[in-house]
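A.B. asks: Encoded as structure tokens, here's the structure I'll be asking about.
Chains as they are written, first to last, in full-length UniProt numbering: chain F, 1 to 441; chain B, 1 to 441.
If you want it as structure tokens, here you go:
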């Protein structure tokens, strides 16, 4: 095998930079009309036939023969057994990661997910009550890309939020179960788990069947069918973001060992060929060193074919005029993962406006964040960090406004509401306010 | 005219209750395939032709002739003039409402929208940075249902969040502008405003044109075309919820004047014929009094035809066995607006899990909340309060995780990440963690 990886070399000083940069970033989430139609049909079928439809599709797509949905449920005993048969080092790593992820999300809940209220001088109370969702569904991909860490990252924030029931679905093509995924479900406190996947699993969670309980929200990544199904059931249930390919952007001032940066770029590229790894750096000599590290380290990597294709097709090493310019370009990209590989990361952090997660300093490799630092690894991709956030406790909570207008408050508010309601031609609104006025009582 | 309004009378003690209740609640957000296709075409056309396409559709659908998009922009001077020519009582009501809405959302930002972080014992920093969206679009319906209060409720939380630019679109069919809507845009601090609407306005905001700037998120209600367009551009930009018909649920213990409750039911019903007004009460005699108030008050209402149709087709007066049972039924409905019309509302509030906004006590008419109490009137409808929240400052902010692993932290975290990454078959992830270990340096 003779892989080489030479990410595109761009420079912001080149006249062709804008065009080259846009071409490199281009990724289209275009939907396939064929997939959309098949997904619509599967959703309608599961809505109409329930369990029977789910069983049919599971046989057809996953090669799993089951007479009843009950056979496709994983028992708690099975999840526990999967955990207990793992090597001690894996059990301990799962538990340590879960503990840190839990602590972080508890801090998140405390900082931004508690109920609050205040009273006006006239005694009127205003606030918001924050409550957990009753029941959520977590989609966990099966087969090759089965990630136990994703089970932790989806289930733990739901658990911390106080969600009553966490229903996991994970396809097991031809019956192949991933012990680490089952063990992670045990550690994370999943309530029930079914070995179903695809659009049929999303439909079962969104509409409910005789066996699979209807949930309030579905989170977790999946293939094009899963993404299309989630988008289609949005509104019937809540969903998290539709994820695109994973990306890393490294802002480097040239002080981090180049091997470390090369390996961080690899760690994104190894996910899949569409993954994107970009380095922004004002130091041309350092960029050359990183390229040398890439060339040197690539042959050691078991997933070198994927890494090479990802870096060659979508990677870029970009020379900037300054770190400030690098920060500005980063804001245009709004990357999922943003490493500030600098001796002085807090100098640059305030300039960074849009990113899913910001990894500060040379010791903060993205992979530490992916598994166990604590923050969530489910992050907005494809520039959606411009308007969305990491998965968090807040995704498993909802808010209800609280309003208690005092008798005195009703006198002042009633006058205002009356004027505005008449202005909108809504006389019953006006009358409802006026009836509470003393002058009208 | 001879309108009568007799909402369905149900009792939880009846054997037919479950069936009757479900039939009454039934509302389908079914999408019209014809509308979906036309919207898809409009979006594609605006993406391809930009301003020219927007101008064409505005001529065709709104009967507005304009040679250039610039003619469809409302200047700040025009917004200001609209405000200044209003009667003093309307100016003052708009300003008072805006002030209260702003105070509430400032409290909301402080309670749940600030950045936070903490350090582990080993010096590792974890947290979240909260930042405003750069630019948002606000859709304001035009024509008959033009609500200036919606301008305040969408623009003010964006403003409080710190959004840089707020772009309003409002269709003005045949050129008819609503002075209160323009004045509200002035009071709320809208940055730019265009007299465009429909799917073409959503497309212009989502993709950007030569004249209309591309935004990061689109909020605000609209007709079926607008809803379909928003759902379709979700992912390219953020969107708020897709709204269904408005609803009120009144939980009454029989202590509020029945006229007040009747008028509160009217104030929901007058929105449109699909709006839903439901009373839950354990006191049969009180229910009869409310029905008598309905019959007495209806003839006075200018919008009595709409109110009557809404109450007859979708309204219900439900006799429950107890207030506790009423609370449980309310949780099943997860209403948009929930009035707890009781002498002791705080006794029941803890039992209420799902609702967009909870109005406590007899003086808190929904209409006070709609206009000026302070909380947002953009609320989750059709049971989506089970998983979503009122529009708020948080809808105009996004979060970036912050992670700074210390050198010491990298030693413990690196071991965990290495084990888990190998378990997932992602060796570059493992190596990136291992490279930071002293034993490997």
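All C-beta atoms in this analysis are idealised placements derived from N, C-alpha and C, irrespective of residue type, glycine included.
Keep in mind it's a predicted model, so treat the numbers as computed, not measured.
1) Given a cut-off of 9 Å on the beta-carbon distance, is the pair residue 126 of chain B and residue 402 of chain B in contact?
2) Kindly indicate which three-state DSSP category residue 372 of chain F falls into: helix, strand or coil?
3) Could you pull out every residue in the same chain whose Cβ sits closer than 6 Å to the Cβ of residue 161 of chain F, ignoring the five residues on either side in sequence?
4) Using a cut-off of 8 Å between C-beta atoms, extract the partners of residue 270 of chain B located in chain F.
5) Rounded C-beta distance between residue 421 of chain B and residue 430 of chain B? I'm assuming under 8 Å.
6) Looking at C-beta atoms only, is the number of pairs between the region 96–105 of chain F and the region 365–380 of chain F that lie closer than 8 Å three or more?
7) Using a Cβ-Cβ distance under 9 Å, would residue 392 of chain B count as near chain F?
8) Exposed or buried, residue 88 of chain F, counting other C-beta atoms within 10 Å across all chains shown (16 or more means buried)?
9) In chain F, which residues lie less than 7 Å from residue 375 of chain B when you measure between Cβ atoms?
10) Counting contacts by CB-CB distance shorter than 9 Å, is residue 387 of chain B in contact with chain F?
11) Can you pull the chain F neighbours of residue 139 of chain B, defined as C-beta to C-beta under 7 Å?
12) Hey, quick one: how far does the beta strand (DSSP E) through residue 65 of chain F stretch, first residue to last?
13) What does a CB cutoff of less than 8 Å around residue 17 of chain F pick up in its chain, not counting 5 residues either side in sequence?
14) Please report the Cβ distance between residue 265 of chain F and residue 279 of chain F, rounded to the nearest whole angstrom; I am assuming they are in contact, meaning their Cβ atoms lie under 8 Å.
15) Could you name the residues of the region 361–372 of chain F whose beta carbon sits closer than 9 Å to any beta carbon of chain B, in the order they occur along the chain?
16) Applying the 10 Å Cβ sphere with the 16-neighbour rule, what's the burial state of residue 240 of chain B?
17) What do you get for residue 302 of chain F, buried or exposed, if any count of 16 or more other CB atoms within 10 angstroms of its CB means buried?
18) Whole angstroms are fine: how far does the CA of residue 260 of chain B sit from the CA of residue 435 of chain F?
19) Excluding the five sequence neighbours on either side, which residues of its own chain have a C-beta within less than 6 Å of the C-beta of residue 211 of chain F, listed in chain order?
20) Are the C-beta atoms of residue 407 of chain F and some chain D residue less than 9 Å apart?
21) Quick check on DSSP: helix, strand or coil for residue 1 of chain B?
22) What are the residues of the region 216–233 of chain F that lie near chain B, defined by any Cβ-Cβ distance shorter than 8 Å?
23) Pick from B/406, B/391, B/410: whose alpha carbon is nearest that of residue 157 of chain B?
24) Looking at C-alpha atoms only, which residue of F/242, F/340, F/195, F/194 is the closest neighbour of residue 255 of chain F?
25) For the pair the region 183–192 of chain B and the region 133–152 of chain B, tell me if three or more CB-CB distances fall below 8 Å.
26) Please return the same chain residues whose Cβ sits closer than 6 Å to the Cβ of residue 331 of chain B, not counting the five positions on each side in sequence.
27) Counting only C-beta atoms, is residue 266 of chain F closer than 9 Å to chain B at any point?
28) Taking residue 26 of chain B as the reference, give the member of B/381, B/171, B/288 with the closest Cα.
29) Tell me which same chain residues have a C-beta within less than 7 Å of the C-beta of residue 226 of chain F, skipping the five on either side of it?
30) Leaving out the 5 sequence neighbours to the left and right, which residues in its chain are closer than 8 Å to residue 134 of chain B when beta-carbon positions are compared?
31) Indicate the three-state DSSP secondary structure (helix, strand or coil) for residue 214 of chain F in the structure shown.
32) By Cβ distance below 6 Å, which residues in the same chain neighbour residue 83 of chain B in space, the five residues on each side in sequence not counted?
33) Under 9 Å between the Cβ atoms of residue 113 of chain B and residue 112 of chain F?
34) If you measure between the beta carbons of residue 214 of chain F and residue 195 of chain F, is that distance less than 9 Å?
35) Short of 8 Å in beta carbon distance, which residues of its chain neighbour residue 369 of chain F, apart from the five on each side in sequence? Order them along the chain.
36) Within the continuous beta strand (DSSP E) that includes residue 454 of chain B, where are the two ends?
C.D. replies: Reading it off the structure:
1) yes
2) coil
3) Counting only Cβ-Cβ distances below 6 Å, and skipping sequence neighbours, we find 132, 393, 396, 397.
4) 426, 427, 428, 429
5) 4 Å
6) yes
7) yes
8) exposed
9) 126, 401, 403
10) The Cβ of residue 387 of chain B sits closer than 9 Å to at least one Cβ of chain F.
11) The contacting residues do not exist; residue 139 of chain B stays about 16 Å from chain F at best.
12) No beta strand (DSSP E) contains residue 65 of chain F, which DSSP labels as neither H nor E.
13) 10, 11
14) With 8 Å as the limit, residue 265 of chain F and residue 279 of chain F qualify as a contact, their Cβ atoms being about 7 Å apart.
15) 361, 362, 363, 364, 365, 366, 367, 368, 369, 370, 371, 372
16) It counts as buried.
17) exposed
18) 7 Å
19) 51, 69
20) Going by chain labels, chain D is absent from the structure shown, which instead holds the protein chains F and B.
21) Its pLDDT being 49, under 50, residue 1 of chain B is placed unreliably by the model, and nothing is read from it.
22) 216, 217, 231
23) B/391
24) F/340
25) Contact between the region 183–192 of chain B and the region 133–152 of chain B is present, because at least three Cβ pairs lie under 8 Å.
26) 353, 354
27) yes
28) B/381
29) 139, 198, 199, 202
30) 163, 164, 165, 216
31) coil
32) 183, 186
33) yes
34) no
35) 337, 357, 359, 375, 377
36) In the structure as shown, chain B starts at 1 and stops at 441, and residue 454 of chain B therefore has no counterpart that could be examined.
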